[in-house]
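*Asks:* Whatever position you read off the sequence shown (first residue = 1), add 70 for the working numbering. The structure is given below, and queries will be raised subsequently.
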Amino acid sequence: MKYQIYLISTLLIALPCLAFAQTDIDAFRFSRASTAGTARSISMGGAFGALGGDFSTLASNPAGIAIFRGGEFTFSPSIYSGSTDASFLGNKIDENKFNFNFGNIGVVTTQSLSRDDASPGWKSWNFGFGYNRLNNFHNRFSYEGFNTENSITQSWAQRAQGLNFDDLDQFNEQLAYYTYLINPDASNNYSAEVSDGNVLQIRSAESRGSMGEVNFSMGANYSNRLYIGGSLGFASIRYIDEVTYEEVDRDQLVDSLSFFSFNQNLTTKGLGFNFKFGMIYRANDWLRFGAAIHTPTWYDMNDKYNSDMSAKFDSGFAATKQSPLGEFDYEFTSPFKAIGSIAFIFGKHGLLSAEYEFSDISQARISAPGFSFNSVNDAIRKKYQEHSTVRLGAEWRYGNYSVRGGAAFTSSPVNSRFKAGGSDFSAKNFGGGFGIRDNNIFVDFGYFYGTSDEYYQPYTLSSENVPGVINKVSSNNFTMTFGVKF
C-alpha cells in the first residue's frame, strides 16, 4: 500500500508521516508521461503525430510507422538530471539527481506491396517492435524548517483517537505508540509527545524508477495519401521511494523529547497493456493531418513497504520499533488519450508541426478483489480534471544537417478547488537539437528542459494550519540517437 496522502487545498505528493494505502496520488503519478523517446522527438517537443517516420511515434500515433519507406534500427542512450528547489518556513534547499538510461531501442521493417506510385492502392505495410521510455522517477527532494505551531505527532494522535492498540496502523501510529511519541489514557484518548511545535522539521526523500513501454506496431500505406496503424503496448512501472522524516528539539523548548526519526520505504511494480490506433492523411506534398486514440492502460500492481521509527529522550532513554514487511496487489486503470496533429512540410528544407493531446486523470481507477476503493476513486473524480498538452516542433535542414527546436505545454490536471501555494502542477518543456545523416547512418542529439511548480503539505490536523512546502521541479534530458537504415 502507498502513503496515505491528503489533498488539503492542493495536491499532496507522497510525503512521509501518513499510512500506507493506495490513493489518488497513484492515479496522478502513473497517468502522466514526460517528453521522451528519440533525440529528434524530444528536441521537437514530441510533436510527431502528423509526421511519422520516427520510432517514438509508436508510443503516440502508430500510423507514423507507415511513413517509413525502408527498414530502420534506432538506439537512444540518455542522461537525465532532476532538480528540486524546496521552500519551507523561510528556508530553501536545492537537490539534484542524475540517471543514465535508454530513451528507446527499436526496429522497423517494411514490406512493399506495389511499386507503382501512380495508381491507387495499398503500397506497403510495415512492422515495428521496440521500447520507449515514458517517464523518469529519479529525484531527490528535501526541506527543513523550524515549526513553532505544531508537530506530526499531533497528527498521529488525532488519527489514533478512540482506537485500541490492535486497530492502530502498524506502519505509523503503532510505531509512534511503541516509541512513546503518542500516549493513551484508559479511554484510548491519545496525547502527542510534542503538543505545541517548537521543533526543527527535516524531511529527505529519494525516488528512482521509470515507466516504459514495449510496442508491437503495424501500419499500412494507401496510395501515399492515407497511413493507418495500430499498436499493442506492454507497459511497465517501477517506482522506489525512500523517505526520512525527523523532528529535533533544537532549542530545547520541548519537554523530555530530544528527537525522533521516521523512515518509510516503498517499492511499486506494475505491468499492463493498452492499444493505440492512428491515422495520418497527406493532403498534399506540404500538408499532413494526424489523429490517434489510446485506450486506457490496464495494470496489475504490486506494492511492498515497511517503516521504522526511533526516538531519544532528554533522560537518555531511547526506543526503536520496526514494522513488518507489507505487500498488496491491486489493479490500476489509467485514462484514455486522444491526439490530433498537423504538420507543414517545406520540401527538403524543413517542417513545422503541432499536436494537441487530451486526457482526464479523473477517469483513472484503482481496484482490488475483496476491497472497496470507493473513497479513493471518489477523490480521484473530485480532485482531478480534464487537461491538455500542446506540442510544437520545427526542423530546418541544410544538406545532411538538421537543426531542431520545440516546446510542450501541459495544463493543470488538478481541479481549481484543490490548488494552493501558487502551484497548479502544470508543466512546460522546451527542447532543441541537431542531426547528421550520411547515406544509411544518422546521429541525432536532443535536449529538453522541463519545469513545474508543486505544493506539498507534510501532514494534516483537524484544528490547526500546517505549513506547506513549495517545490520547484526541473529536469534536463540529454539524448543521443544512433540509427541505421536498411
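Where is the CB? At the ideal position from N, CA and C, for every residue including glycine. From a predicted model like this one, the values you see are computed outputs, not experimental measurements.
Evaluate the contact criterion for the stretch 103–118 versus the stretch 286–304: three or more CB pairs, one atom per stretch, below 8 Å.
*Replies:* no
*Asks:* Could you give the uninterrupted runs of the beta strand (DSSP E) lying entirely in the stretch 274–347, keeping only those of 3 residues or more?
*Replies:* 296–318
*Asks:* Alpha helix (DSSP H) containing Phe98: first to last residue?
*Replies:* Here residue 98 refers to the residue found at position 28 of the sequence shown. First-last of the alpha helix (DSSP H) with Phe98: Asp94 to Phe100.
*Asks:* Rounded to whole angstroms, what is the Cα-Cα separation between Asp239 and Phe518?
*Replies:* Taking the first residue of the sequence shown as 1, we reach residue 239 at position 169. Taking the first residue of the sequence shown as 1, we reach residue 518 at position 448. Roughly 43 Å between the two C-alpha positions.
*Asks:* So, with DSSP's three-state summary, where would you put Asn220?
*Replies:* Counting from 1 along the sequence shown, the entry for residue 220 is found at position 150. Here Asn220 sits in coil by DSSP.
*Asks:* By Cβ distance, which residues of its chain are closer than 8 Å to Ser351, with the 5 residues on each side in sequence left out?
*Replies:* Your numbering for residue 351 matches position 281 in the sequence shown. Reading the sequence as shown, one finds Tyr at residue 351 and not Ser. If we look at Tyr351 and ignore the five residues flanking it on each side, its Cβ neighbours are Arg295, Leu296, Tyr297, Arg358, Phe359 and Gly360.
*Asks:* Where does Pro254 sit, in a helix, a strand or coil, going by DSSP?
*Replies:* Working through the sequence shown from its first residue, we reach residue 254 at position 184. Here Pro254 sits in strand by DSSP.
*Asks:* Taking 8 Å as the threshold (C-beta atoms), are Ile272 and Glu316 in contact?
*Replies:* In the sequence shown, counting from the first residue as 1, residue 316 sits at position 246. In the sequence shown, counting from the first residue as 1, residue 272 sits at position 202. Yes, the pair counts as a contact, with Cβ atoms nearer than the cut-off.
*Asks:* Quick check: what's the CA-CA separation for Asp164 versus Ser380?
*Replies:* On the sequence shown, position 94 is the one that residue 164 refers to. On the sequence shown, position 310 is the one that residue 380 refers to. Cα atoms of Asp164 and Ser380: separation of roughly 27 Å, rounded to the nearest angstrom.
*Asks:* From the DSSP output, in three-state form, read off Asp239 for me.
*Replies:* Looking up residue 239 in the sequence shown gives position 169. In the structure shown, Asp239 sits in coil (DSSP, three-state: anything other than H, G, I, E or B).
*Asks:* Relative to the alpha-carbon of Ala129, which residue among Thr218, Ser265, Ile175 and Ser301 has its alpha-carbon at the smallest distance?
*Replies:* As a first step, residue 129 must be located in the sequence shown, where it is residue number 59. Considering only alpha carbons, the answer is Ser301.
*Asks:* Might you give, ordered along the chain, the residues of its own chain that have their beta carbon closer than 6 Å to the beta carbon of Trp466, omitting 5 neighbours on each side?
*Replies:* In the sequence shown, counting from the first residue as 1, residue 466 sits at position 396. Closer than 6 Å at the Cβ level, and outside the excluded window around Trp466, lie Gly420 and Val473.
*Asks:* What does Gln181 pair with, by DSSP beta-bridge criteria?
*Replies:* As a position in the sequence shown, residue 181 is number 111, starting the count at 1. Paired residue(s): Trp195.
*Asks:* At the level of alpha carbons, what is the spacing between Phe304 and Asn205?
*Replies:* Walking along the sequence shown from the start, residue 304 turns up at place 234. Walking along the sequence shown from the start, residue 205 turns up at place 135. Near 15 Å, if we compare the C-alpha coordinates of Asn205 and Phe304.
*Asks:* Which two residues bound the contiguous alpha helix (DSSP H) that contains Val446?
*Replies:* For the purposes of this step, residue 446 is taken as the residue at position 376 of the sequence shown. Unbroken alpha helix (DSSP H) run through Val446: Asn444 to Lys453.
*Asks:* In this structure, how does DSSP classify Ser545 when only helix, strand and coil are distinguished?
*Replies:* Within the sequence shown, numbered from 1, the residue matching residue 545 stands at position 475. Strand at Ser545.
*Asks:* Taking 8 Å as the cut-off, does the stretch 401–409 touch the stretch 425–434 (at least 3 CB pairs, one atom from each stretch)?
*Replies:* Judged by Cβ distances under 8 Å, the stretch 425–434 makes contact with the stretch 401–409, as three or more pairs qualify.
*Asks:* Would you say Arg185 touches the ligand SAH, meaning its beta carbon is less than 7 Å from a heavy atom?
*Replies:* With respect to the ligand SAH, the structure offers nothing, as it holds no ligand at all.
*Asks:* Starting from Ser385 and walking both ways along the beta strand (DSSP E), at which residues does that stretch end?
*Replies:* The count along the sequence shown starts at 1 and reaches residue 385 at position 315. No beta strand (DSSP E) holds Ser385; DSSP gives it neither H nor E.
*Asks:* Helix, strand or coil for Arg229? Go by DSSP, reduced to three states.
*Replies:* The sequence position of residue 229 within the sequence shown is 159, counting from 1. If DSSP states are grouped into helix, strand and coil, Arg229 belongs with the helices.
*Asks:* Bridge partners of Ile363, per DSSP?
*Replies:* Within the sequence shown, numbered from 1, the residue matching residue 363 stands at position 293. In the DSSP output, where bridge partners are listed per residue, Ile363 has Phe347 and Ala408.
*Asks:* Going by alpha carbons, who is nearest to Ile307 out of Gly520, Phe207 and Pro366?
*Replies:* Within the sequence shown, residue 307 is the residue found at index 237, counting from 1. The option with the nearest alpha carbon to Ile307 is Phe207.
*Asks:* Give the range of the beta strand (DSSP E) segment to which Ala464 is assigned.
*Replies:* As a working mapping, residue 464 is identified with position 394 in the sequence shown. Here the beta strand (DSSP E) through Ala464 covers Glu456 to Tyr468.
*Asks:* Quick one: measure Cβ to Cβ for Thr144 and Phe125, integer angstroms, because I've assumed they're closer than 8 Å.
*Replies:* Within the sequence shown, the letter at position 74 stands for residue 144. Within the sequence shown, the letter at position 55 stands for residue 125. 5 Å between Cβ atoms; contact.
*Asks:* Would you call the stretch 447–457 and the stretch 500–516 in contact, with 3 or more CB pairs under 8 Å?
*Replies:* no
*Asks:* Output needed for Pro190: all residues of its chain with C-beta closer than 6 Å, excluding positions within five of it in sequence on either side, in chain order.
*Replies:* For the purposes of this step, residue 190 is identified with residue 120 of the sequence shown, where counting begins at 1. Once the five neighbours on either side are set aside, the close Cβ partners of Pro190 are Ser293.
*Asks:* Using a Cβ-Cβ cut-off of 6 Å (strictly less than) and excluding sequence neighbours within five positions of Gly410, which residues of its own chain qualify?
*Replies:* Looking up residue 410 in the sequence shown gives position 340. Excluding positions up to five away in sequence, the list reads Ala361 and Tyr426.
*Asks:* So for Tyr369, helix, strand or coil by DSSP?
*Replies:* Taking the first residue of the sequence shown as position 1, residue 369 is located at position 299. In the structure shown, Tyr369 sits in a strand (DSSP, three-state: E or B).
*Asks:* Could you have a look at Gln271 and say whether DSSP puts it in helix, strand or coil?
*Replies:* For the purposes of this step, residue 271 is identified with residue 201 of the sequence shown, where counting begins at 1. Of the three classes helix, strand and coil, the one that applies to Gln271 here is strand, per DSSP.
*Asks:* Using the Cα positions of Gly160 and Asn509, report the straight-line distance between them to the nearest angstrom.
*Replies:* Residue 160 sits at position 90 when you count from the first residue of the sequence shown. Residue 509 sits at position 439 when you count from the first residue of the sequence shown. Taking the straight line from one Cα to the other gives about 58 Å.
*Asks:* In whole angstroms, what is the alpha-carbon distance linking Ser493 and Pro528?
*Replies:* Numbered from its first residue, the sequence shown carries residue 493 at position 423. Numbered from its first residue, the sequence shown carries residue 528 at position 458. If I take the Cα positions, the gap works out to 16 Å.
*Asks:* Can you tell me whether DSSP reads Thr127 as helix, strand or coil?
*Replies:* As a first step, residue 127 is located in the sequence shown; it is residue number 57 there, counting from the start. In this structure, DSSP gives Thr127 a helical state, which the three-state scheme calls helix.
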